[in-house]
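Which chain is which? The protein sequence lines are A and B, in order.
Here this note's numbering is used: position 73 in the first sequence is 73, and no number is missing along the way.
Here this note's numbering is used: position 298 in the second sequence is 1298, and no number is missing along the way.
Here the structure is laid out as structure tokens; the discussion comes afterwards.
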Amino acid sequence: MADDLKTWRELPVAMIVDQPGNTVEVETGTWRALRPVLDPSKCIKCLICWVYCPDLAIERLEDDSVKINYYYCKGCGICAEECPTKAIQMVEEGV
Amino acid sequence: MEVKVERQIRTGLNGDEAVAYAAYHADVDVIAAYPITPQTIIVERLSEFVHDGLLDAEFIPVESEHSALSAVVGAAASGVRTFTATASQGLALMYEILYIASSLRLPIVMALADRALSALINIHCSHDDAYAARDSGWIEFFAENVQEAYDLVIAAFRVAEDKNISFPAIVNLDGFILSHSIEPLYIYEGQDVVREFLPRREPIVKLDPDKPVTIGALALQNYYIELKRAQAEAFEATPPYIRKILREYSEFSGRKYDFIKKYMIDDADIGFLVLGSTAGTMRHVVRKWREKGRKVGLISLTLYRPFPVDDLRDAVKGLKKLVIMDRSYSFGSPYAQLYMDVAATLYDEPEKPDLINVIYGLGGRDFNEYTAEEMWEKINRPGVKKIWVGVRGD
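If you want it as structure tokens, here you go:
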């Protein structure tokens, strides 16, 4: 990773970002302290978590079941808070 | 140098009006400003020029100086020519945006009618605001008189917008002493004349829907220091380009501009270094003192940032003593602001003059030939390093 970083001599002028849409490369999942864990047996496919996730880290699958994208999920816990069947539990990372 | 009066009009204006005419003649596209004494006349006149259809510009009356500079940052990012003006508390309110404008290499020109910072409330001249901007990455000029205020605003647009520079620039004019004093000066007949020196801006980067870029993103531990290193390199590479443009402007106007001005300094024993309108007072004083046999000379800075290190090292050669006059105070620092720049500039020189710091003129306290005589008496006391003049009690 560190090898990809540019030196100051290689940076674009005026501190611009000249490649739009590069936020997808930012692995915000490393910020997470609590990890949402889904119990599929309790999921009723209401998609409330999918609507509420502020980072689009809940992926909606063909059959309206959901999958958590841990590359982007920051562990805010909104999905677990909103889930009507308590199908999502927040678990401490690294434990 | 021959004064080229063709296509120039001899008139009388105060410093603020002269600055307003300069921005008008520079055909500025967007002005956002908030009125504050002693800068108010600048934006009043500009709003009249726009209202009367003389100047084809967007005039954005904003609710604060923070918004004024933010608005011109946005406008400048779109590639147009931008101008604002402020003073004192207004500059303080702009402070965070100063760094943003310079980091994003936006060539905004700002007139600063130098005024003391509160408290207590004062509307007259100190250089507190000019010094407050010194670390922010703006180019800073100081005008000695109304003619220079007019000329330097026009030159500042060329400097700021030059492709090899592309940094914002401040033109300082002493509050009231210049901003509200009517002086005779030459101004150009209009925009057509100035356009020959100052063509349309060609931005190095701009907001363009056909070629989208992000301006002002986030940079944390992995990039911020590289960005600042690059900014420092770019800023410190500007002096040769600034010099070239000032020379071109000297040719264009018939009035000589360079980084520093020297008066009777070459054979002097004691030099005085000053910013702003006090240079005129001190030139008079130096002439009078020479008649009394005092071997004195004067250096004044037209360019304050980037600091004209090489010019200053050269100018002080042979001096026994250099008196650095600060119209501000840096509480808790060993010396005031200009002194510390000069001390750092000369530290590595094998031979250098003894330095004395003089604090004068705060809040518009008059500095005249009587104050100068008091200064002369004080700087010749043994062992003196830092003194205040024109203050009751010392």
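Beta carbons are placed, not taken as given, at the ideal position from N, Cα and C, and that holds for glycine.
Computed from a prediction, not measured in an experiment: that's the story for all the values here.
Practice task
Check the Cβ of alanine 1230 of chain B against every Cβ in chain A and list those closer than 7 Å, keeping chain order.
Solution key: By 1-based counting over the second sequence, the position of residue 1230 of chain B is 230. Trp8, Leu11, listed in chain order.
Exercise for the section: Residues of the segment 1095-1121 of chain B with a CB closer than 9 Å to any CB of chain A: list them in chain order, please. Expected result: Ser1103, Leu1104, Arg1105, Leu1106
Problem - Cβ shell of arginine 1381 of chain B (< 7 Å), same chain only, five flanking positions each side left out - result: The count along the second sequence starts at 1 and reaches residue 1381 of chain B at position 381. Excluding sequence neighbours, arginine 1381 of chain B sits near nothing in its chain.
Handout entry: Stretch-stretch touch, CB-based, cutoff 8 Å, three pairs: the segment 1016-1036 of chain B with the segment 1186-1194 of chain B
Key = yes
Handout entry: Among B:Leu1152, B:Glu1144, B:Ala1101, B:Val1005, the one whose alpha carbon lies nearest that of alanine 1133 of chain B
Key = Here residue 1133 of chain B refers to the residue found at position 133 of the second sequence. Nearest C-alpha to alanine 1133 of chain B: B:Ala1101.
Exercise for the section: Please compile the residues from chain B whose C-beta is within a distance smaller than 7 Å of the C-beta of valine 17 of chain A. Expected result: By one-based count along the first sequence, residue 17 of chain A stands at place 17. Within chain B, the residues near valine 17 of chain A are Val1213, Thr1214, Ala1217.
Practice task
Go through its chain and collect everything with a Cβ distance to asparagine 1172 of chain B's Cβ below 6 Å, but skip five positions before and after it.
Solution key: The sequence position of residue 1172 of chain B within the second sequence is 172, counting from 1. Cβ within range, chain order: Leu1112, Asp1114, Ala1130, Phe1142.
Handout entry: Helix, strand or coil at arginine 1200 of chain B [DSSP, three-state]
Key = For the purposes of this step, residue 1200 of chain B is identified with residue 200 of the second sequence, where counting begins at 1. Looking at arginine 1200 of chain B - three-state DSSP - the assignment turns out to be coil, as it is neither helix nor strand.
Exercise for the section: Kindly indicate which three-state DSSP category valine 1296 of chain B falls into: helix, strand or coil? Expected result: The residue labelled residue 1296 of chain B in the question sits at position 296 within the second sequence. Strand at valine 1296 of chain B.
Handout entry: Neighbour-count burial assignment, tyrosine 71 of chain A, 16 or more Cβ in a 10 Å radius
Key = Locating residue 71 of chain A in the first sequence gives position 71, counting from the first residue. With fewer than 16 Cβ atoms within 10 Å of its Cβ, tyrosine 71 of chain A is classed as exposed.
Handout entry: Pairwise C-alpha distance: leucine 61 of chain A and glycine 75 of chain A
Key = In the first sequence, the residue the question calls residue 75 of chain A occupies position 75. In the first sequence, the residue the question calls residue 61 of chain A occupies position 61. Spanning the two alpha carbons is a distance of roughly 21 Å.
Problem - Within-7 Å CB hit, proline 20 of chain A to chain B - result: Reading the first sequence from its first residue, position 20 is the one you call residue 20 of chain A. Output row for proline 20 of chain A: interface = yes.
Handout entry: At least three beta-carbon pairs within less than 8 Å, the segment 1059-1069 of chain B to the segment 1079-1098 of chain B
Key = yes
Handout entry: isoleucine 88 of chain A versus aspartate 39 of chain A: straight-line alpha-carbon distance, rounded
Key = As a working note, residue 88 of chain A is residue 88 in the first sequence. As a working note, residue 39 of chain A is residue 39 in the first sequence. Using only the alpha carbons, I get a separation of about 6 Å.
Exercise for the section: Label isoleucine 1225 of chain B either buried or exposed according to how many other C-beta atoms from any shown protein chain fall within 10 Å of its C-beta, with 16 as the threshold for buried. Expected result: Within the second sequence, the letter at position 225 stands for residue 1225 of chain B. Per the 10 Å Cβ criterion, exposed.
Practice task
List the endpoints of the continuous beta strand (DSSP E) containing threonine 1084 of chain B.
Solution key: As a first step, residue 1084 of chain B must be located in the second sequence, where it is residue number 84. Taken as a continuous stretch (DSSP letters only), the beta strand (DSSP E) holding threonine 1084 of chain B covers 1082-1086.
Problem - Contact set for glutamate 25 of chain A: own chain, Cβ-Cβ below 7 Å, skip 5 residues either direction - result: Numbered from 1 along the first sequence, position 25 holds the residue referred to as residue 25 of chain A. Taken in chain order, the list of residues that qualify is empty.
Practice task
Anything in chain A within Cβ reach of isoleucine 1204 of chain B, meaning under 7 Å, just list it in chain order.
Solution key: Against the second sequence, residue 1204 of chain B aligns to sequence position 204. Going along chain A in sequence order, the residues near isoleucine 1204 of chain B (Cβ under 7 Å) are Val13, Ala14.
Exercise for the section: Could you tell me which chain A residues have their CB closer than 9 Å to the CB of leucine 1227 of chain B, listed as they occur along the chain? Expected result: In the second sequence, the residue the question calls residue 1227 of chain B occupies position 227. The contacting residues are Trp8, Leu11, Met15.
Handout entry: Start and end residues, beta strand (DSSP E) containing phenylalanine 1059 of chain B
Key = By 1-based counting over the second sequence, the position of residue 1059 of chain B is 59. Note, phenylalanine 1059 of chain B: beta strand (DSSP E), 1058-1061.
Problem - Cα-Cα separation, valine 1286 of chain B to aspartate 1269 of chain B - result: Here residue 1286 of chain B is taken as the residue at index 286 of the second sequence, counted from 1. Here residue 1269 of chain B is taken as the residue at index 269 of the second sequence, counted from 1. Rounded to whole angstroms, the separation of the alpha carbons of aspartate 1269 of chain B and valine 1286 of chain B is 12 Å.
Handout entry: For proline 1035 of chain B and phenylalanine 1197 of chain B, the rounded distance between their alpha carbons
Key = Here residue 1197 of chain B corresponds to residue number 197 of the second sequence, with the count starting at 1. Here residue 1035 of chain B corresponds to residue number 35 of the second sequence, with the count starting at 1. Approximately 30 Å, taken between the alpha carbons.
Practice task
Could you list which residues in chain A have their beta carbon closer than 8 Å to that of asparagine 1222 of chain B, in chain order?
Solution key: For the purposes of this step, residue 1222 of chain B is taken as the residue at position 222 of the second sequence. Here the neighbours are Leu5.
Problem - Identified DSSP bridge partners for asparagine 1122 of chain B - result: Position 122 of the second sequence, counted from the start, is the residue given in the question as residue 1122 of chain B. Partner(s): none; asparagine 1122 of chain B has no beta bridge.
Exercise for the section: To the nearest angstrom, report how far apart proline 1168 of chain B and asparagine 69 of chain A are at their CA atoms. Expected result: For this step, residue 1168 of chain B is matched to residue 168 along the second sequence. For this step, residue 69 of chain A is matched to residue 69 along the first sequence. Taking the straight line from one Cα to the other gives about 44 Å.
Exercise for the section: Could you check the C-alpha separation between lysine 45 of chain A and aspartate 63 of chain A for me, to the nearest Å? Expected result: Taking the first sequence and counting its residues from 1, one reaches residue 45 of chain A at position 45. Taking the first sequence and counting its residues from 1, one reaches residue 63 of chain A at position 63. In this structure, the straight-line span from the alpha carbon of lysine 45 of chain A to that of aspartate 63 of chain A is close to 8 Å.
Handout entry: Through-space distance from valine 1030 of chain B to leucine 1106 of chain B, alpha-carbon basis
Key = On the second sequence, position 106 is the one that residue 1106 of chain B refers to. On the second sequence, position 30 is the one that residue 1030 of chain B refers to. So the two alpha carbons sit approximately 13 Å from each other.
Handout entry: Start-to-end residues for the beta strand (DSSP E) that takes in glycine 1390 of chain B
Key = By one-based count along the second sequence, residue 1390 of chain B stands at place 390. Glycine 1390 of chain B -> no beta strand (DSSP E), and no H or E assigned at all.
Exercise for the section: Count the C-beta pairs between the segment 1288-1308 of chain B and the segment 1256-1273 of chain B that are closer than 8 Å, then say yes if the count reaches three, no if not. Expected result: yes
Exercise for the section: Would you check if there are 3 or more beta carbon pairs closer than 8 Å linking the segment 1233-1243 of chain B to the segment 1346-1363 of chain B? Expected result: no
Exercise for the section: Starting from the C-beta of methionine 1325 of chain B, find all residues in its chain whose C-beta is less than 7 Å away, skip the five residues before and the five after it, and write them out in chain order. Expected result: Walking along the second sequence from the start, residue 1325 of chain B turns up at place 325. Within the same chain, Phe1272, Leu1273, Val1274, Thr1278, Val1358, Tyr1360 come within 7 Å of methionine 1325 of chain B by CB-CB distance, once the 5 residues on both sides are set aside.
Exercise for the section: Determine the burial state of valine 1159 of chain B: buried for a count of at least 16 other Cβ atoms within 10 Å of its Cβ, exposed for fewer. Expected result: Here the question's residue 1159 of chain B lines up with position 159 in the second sequence. So valine 1159 of chain B ends up on the buried side.
Practice task
Can you tell me which of the three DSSP states methionine 1375 of chain B falls into?
Solution key: What you label residue 1375 of chain B is simply residue 375 of the second sequence in a count that begins at 1. Residue state, collapsed to three classes: helix.
Exercise for the section: With DSSP as the reference, label glutamate 1140 of chain B as helix, strand or coil. Expected result: Translated into positions along the second sequence, residue 1140 of chain B becomes position 140. Residue state, collapsed to three classes: strand.
Practice task
Name, in chain order, the residues that DSSP records as bridge partners for leucine 1273 of chain B.
Solution key: Along the second sequence, read from residue 1 onward, the residue named residue 1273 of chain B stands at position 273. Leucine 1273 of chain B pairs with B:Ile1299, B:Ile1324.
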